[in-house]
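Down below is the structure, laid out as structure tokens.
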Amino acid sequence: MYLLAVHASPRKQGNSEILLNSFLSGLNPPKINAEKIRLAELKFMPCIECGGCEKDGTCILEDALTEVYSKVLKTNFLVIATPIFFYTYPSFLQAFFERFQAFWVSKYLLKNPAPSQKPKGILLALGATKGKKIFECLVRSFKYVLDTIDGEYIGGIFIRGIDKKGEILNHPEFLEKAKVLGQKVCLLEKKDLAKPKDELARFLGLNLDPVP
16 MYLLAVHASP
26 RKQGNSEILL
36 NSFLSGLNPP
46 KINAEKIRLA
56 ELKFMPCIEC
66 GGCEKDGTCI
76 LEDALTEVYS
86 KVLKTNFLVI
96 ATPIFFYTYP
106 SFLQAFFERF
116 QAFWVSKYLL
126 KNPAPSQKPK
136 GILLALGATK
146 GKKIFECLVR
156 SFKYVLDTID
166 GEYIGGIFIR
176 GIDKKGEILN
186 HPEFLEKAKV
196 LGQKVCLLEK
206 KDLAKPKDEL
216 ARFLGLNLDP
226 VP
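Per the numbering used here, residue 16 is the first one in the sequence shown, and the count goes up by one each step.
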């Protein structure tokens, strides 16, 4: 199976990337073909609301995301690793999400759903504060983004109270949890992805609800 991991932070080797790398280290390459993408290293535009995709469901902007979205359509897992900025997510991720508008048009206006693998979505998210609702905006947005490609959110690892660069290294329990998640993903067969999201979340040790 194929897994696309998207790192959303502009900071290199920050807490979210360290957490993501720990998750990726738990994957077994022969079982899972994983690819990591750092949005901050790509040159791309946000949606410009031009309506160009309303013709055939294809975004008319041609940039680095053109290739990325072809990978989105073939992935079995879409993993997003991100920090939280002001109770939402970085602008790189916002722009990435916005461009799913073409998939929305294809599915809901043209009645021609994207030929995706119906990927399972997983979040690896960290925030500096300990607010109960700090991850709610991210989760809600990700659910709707996944819906455009007939994907499904199956939970995440949500970590509060982490801010300074590298601070996650002082919490090996979180890194171990991410690594174990990767190991458990490798135990899944493609047929298992048809199981209810609650069952998948329990097996993988993920939280569907980001509110503690």
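We treat Cβ as the ideally placed atom computed from N, Cα and C, and that holds for glycine.
Remember, it's a predicted structure, so these values are computed and weren't measured experimentally.
What are the boundary residues of the alpha helix (DSSP H) that includes residue i?
i      : result
Gly197 : Pro187 to Val200
Val154 : Glu151 to Asp162
Glu32  : Asn30 to Ser40
Ala129 : From DSSP, Ala129 is part of no alpha helix (DSSP H); its letter is neither H nor E.
Leu124 : Leu124 -> no alpha helix (DSSP H), and no H or E assigned at all.
Phe217 : Reading off the sequence, residue 217 comes out as Arg, not Phe. Per DSSP, Arg217 belongs to the alpha helix (DSSP H) from Lys212 to Leu219.
Phe92  : Looking at the DSSP string, Phe92 is not in any alpha helix (DSSP H); the run it does join, the beta strand (DSSP E), is Phe92 to Pro98.
Leu88  : That residue, Leu88, is in no alpha helix (DSSP H); it is neither H nor E in DSSP.
Looking at residue i: is its Cβ nearer than 8 angstroms to the Cβ of residue j?
i      : j      : result
Leu141 : Ile164 : no
Gly136 : Leu161 : yes
Gly72  : Ala117 : yes
Phe157 : Leu138 : yes
Arg26  : Lys179 : no
Lys30  : Glu182 : For clarity, residue 30 is Asn in the given sequence; the question names Lys instead. Taking 8 angstroms as the Cβ cut-off, Asn30 and Glu182 qualify as a contacting pair.
Leu19  : Glu50  : yes
Arg114 : Cys62  : yes
So residue i is in the beta strand (DSSP E); what residue range does that whole segment cover?
i      : result
Lys179 : Looking at the DSSP string, Lys179 is not in any beta strand (DSSP E), and its letter there is neither H nor E.
Leu76  : Note, Leu76: premise wrong, no beta strand (DSSP E); not H, not E.
Glu56  : That residue, Glu56, is in no beta strand (DSSP E); it is neither H nor E in DSSP.
Ala140 : Lys135 to Gly142
Leu18  : Tyr17 to His22
Out of the options, point me to the one whose CA is closest to residue i's CA.
i      : options                           : result
Gly41  : Leu219, Leu223, Val226 and Pro225 : Leu219
Glu82  : Leu54, Pro105 and Leu124          : Leu54
Lys206 : Pro45, Gln28 and Lys133           : Lys133
Leu208 : Val195, Glu167 and Leu184         : Glu167
Phe107 : Lys46, Lys122 and Lys58           : Lys58
Arg155 : Tyr102, Ile75 and Gly67           : Tyr102
Cys68  : Lys46, Leu190, Asn127 and Val120  : Val120
Ser131 : Ala110, Thr90, Lys148 and Gly146  : Thr90
Lys147 : Phe111, Gly176, Ile52 and Glu77   : Gly176
Glu64  : Lys210, Val195, Ile149 and Ala110 : Ala110
Phe150 : Phe100, Tyr159 and Gln28          : Phe100
Ile52  : Val94, Phe189 and Phe112          : Val94
Contact defined as beta carbons within less than 8 angstroms: I believe residue i pairs with residue j. What is the distance between those atoms, to the nearest angstrom?
i      : j      : result
Asn48  : Tyr17  : 5 angstroms
Val21  : Phe92  : Wrong, their Cβ atoms sit about 11 angstroms apart, outside the cutoff.
Gly170 : Leu223 : 5 angstroms
Leu34  : Ala216 : Not really, about 18 angstroms apart at Cβ, beyond 8 angstroms.
Glu32  : Ala96  : 7 angstroms
Buried or exposed: residue i, going by 16 or more other Cβ atoms within 10 Å of its Cβ?
i      : result
Ile172 : buried
Thr144 : exposed
Glu214 : exposed
Ala79  : exposed
Pro98  : buried
Leu221 : buried
Val226 : exposed
Leu203 : buried
Pro105 : buried
Ser85  : exposed
Ile75  : exposed
Leu39  : buried
Check the Cβ-Cβ distances between residue i and every residue of chain B, and say whether any is below 8 angstroms.
i     : result
Val83 : The structure shown contains no chain B; it holds only a single protein chain.
State yes or no: is the C-beta of residue i nearer than 7 angstroms to some heavy atom of the ligand ADP?
i     : result
Ser85 : The ligand ADP is absent from the structure shown, which contains no ligands of any kind.
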